[in-house]
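Below you'll find the structure, written out as structure tokens, and then a few comments.
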Amino acid sequence: LADEAGFPVIFHVHGGGWDSGEKSNPMTPIGYWLELGYAFVSVQYRFPSMTPGGATIYEQLNDVQDAWEYVKANWGSLGVDPSMAVFVGDSAGGHLACTVAYRLGDASIRGIFNLFGATEW
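Residue numbers for the sequence shown, in the UniProt record's numbering: 1 to 121.
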């Protein structure tokens, strides 16, 4: 699927109730997407229990947004095409992915796949 611009990218945010989970969750079908020709980026965000005083939801959203901005700023060296991105998240990750995509209003985010994340704002 890659062209001169790079591979289309799946930008994944893991679930875990906003206070657990891991970007390398074995339930995430990374190999499946790689075999289909997509790049796969999986994001780790801070948990309330990880930082003194606890990470807030706003800090978690900023972590996800910062990761996306890193991908966009370094697309050439990463071999991805940031204009062909889909955000994917499950549970808390679905909420974070949707909220960041909505917050950014970035036309390069071509879709959002939210697996059972909270979406009623």
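Don't be surprised by glycine CBs; every beta carbon is placed ideally from N, CA and C. What you are looking at is a predicted structure, and each value in this text was computed from that prediction instead of being measured.
CB contact flag (V13, V64, <8 angstroms) = yes
query = Would DSSP call N74 helix, strand or coil?
reply = coil
message = Restricting to Cα atoms, I'd like to know which of Y58, E59, H95 and W33 is closest to F116.
response = H95
key: Assumed close pair V41, V86 - CB separation to whole angstroms, cut-off 8 angstroms   = About 11 angstroms; that fails the 8 angstroms criterion.
query = Where do the ends of the alpha helix (DSSP H) carrying A39 lie?
reply = From DSSP, A39 is part of no alpha helix (DSSP H) but of the beta strand (DSSP E) over A39 to V43.
inquiry  = Assuming L36 is part of the beta strand (DSSP E), what are its boundary residues?
reply    = Neither: L36 is in no beta strand (DSSP E) and is coded neither H nor E.
message = So, under 8 angstroms CB-CB, V88 and A39 are touching, yes? Tell me the CB distance rounded to an integer number of Å.
response = About 12 angstroms separates the Cβ atoms of V88 and A39, ruling out a contact at the 8 angstroms cut-off.
query = What residue range is occupied by the uninterrupted beta strand (DSSP E) comprising R110?
reply = That run of the beta strand (DSSP E) goes I109 to L115.
query = M84 and R110 look like a contact to me (Cβ under 8 angstroms); what is the Cβ gap, rounded to whole Å?
reply = 6 angstroms
query = Just how far apart, CA to CA, sit A101 and G15?
reply = 16 angstroms
request  = Let me know if G21 comes out buried or exposed under the rule of 16 or more other beta-carbons within 10 Å of its beta-carbon.
outcome  = buried
ask   = In this structure, does DSSP put D63 in helix, strand or coil?
value = helix
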